[in-house]
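Some notes on the structure that comes next.
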Amino acid sequence: MNKKQTGIEWINIDSELNEGSGKLSLSAYDNLVLLTLMQTHEYGMDAEIELNTLEFAKLIDILKRAHRMICNKEMPQKRNCVGLIRLNNSSPTKQGIIIINLFKNYIIFGVSLKTGGDPEIKMNQDQTLALLELFIKMSKGTG
Numbered sequence: 004m005n006k007k008q009t010g011i012e013w014i015n016i017d018s019e020l021n022e023g024s025g026k027l028s029l030s031a032y033d034n035l036v037l038l039t040l041m042q043t044h045e046y047g048m049d050a051e052i053e054l055n056t057l058e059f060a061k062l063i064d065i066l067k068r069a070h071r072m073i074c075n076k077e078m079p080q081k082r083n084c085v086g087l088i089r090l091n092n093s094s095p096t097k098q099g100i101i102i103i104n105l106f107k108n109y110i111i112f113g114v115s116l117k118t119g120g121d122p123e124i125k126m127n128q129d130q131t132l133a134l135l136e137l138f139i140k141m142s143k144g145t146g
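Numbering of the sequence shown is given in the working numbering, commencing with residue 4 and proceeding in unit increments.
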């Protein structure tokens with residue numbers, strides 16, 4: 004089957020913490036969203052994961068909650084899990100967990116694949132808002 008990707012979007016996250024920098028890209032095909040997270044530091048990892056429209060909507064809700072928390076100046080001194088999504092419905096190489104944590108004044112967006120690889124990016128409030136806007140824009144094209 005030939006899958007046609009549409010709506011390829013990406014965002015570059017330049018974190019104040021070098022190991023937290025990375026790129027995130029999104030594309031849509033067959034009512035799925037393909038999310039690719041790439042760390043850009045020397046020893047960075049990549050992960051590619053597929054979400055159906057319900058999972059992507061849940062991810063947007065979690066990211067909205069995380070953004071609201073950072074806007075309200077909730078700054079935990081330990082990682083606080085805002086939400087996670089287990090993804091098991093796609094090919095084995097694209098299965099895993101998306102984890103959104105809040106730590107101090109950062110939101111940490113991580114992907115942990117079943118087959119290995121756990122990249123994460125650290126975002127401030129403005130970067131989180133930009134990512135959220137990108138997700139919402141993409142969701143309007145996948146429904």
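Virtual Cβ for every residue (Gly too), placed ideally from N, Cα, C. Just so you know, these numbers come straight off a predicted model, no measurement behind them.
Remark: three or more beta-carbon pairs, one from each stretch, lie closer than 8 angstroms, so the segment 12-28 and the segment 109-128 are flagged as touching.
A direct Cα-to-Cα measurement between I11 and G119 gives close to 25 angstroms. Secondary structure note for E51: its beta strand (DSSP E) is the uninterrupted segment D49 to N55. For R82, the three-state secondary structure derived from DSSP is coil.
Looking at the DSSP output, F112 bridges to I103 and I124.
For I52, the closest alpha carbon among the candidates F59, T39, E58 and I63 is that of T39. Scanning I63, K117, R82 and G99 for the CA closest to the CA of L134 turns up I63.
The three-state reading of DSSP puts S18 in coil, since its state is none of H, G, I, E or B.
If you ignore the 5 residues before and after S142, its C-beta comes within less than 7 angstroms of the C-beta of F59, A60 and I63, all in its own chain and listed in chain order. The three-state secondary structure of Q130, taken from DSSP, is helix. The Cβ atoms of L57 and N83 do not sit closer than 8 angstroms to each other. Considering only N15, W13 and N34, the residue with the shortest C-alpha distance to G144 is N34.
For T96, no beta strand (DSSP E) run applies, since DSSP gives it neither H nor E. Around E22, the same chain offers H44 as residues with beta carbons nearer than 7 angstroms, after the five sequence neighbours per side are excluded. Note on geometry: alpha-carbon atoms of R68 and V85 lie some 7 angstroms from one another.
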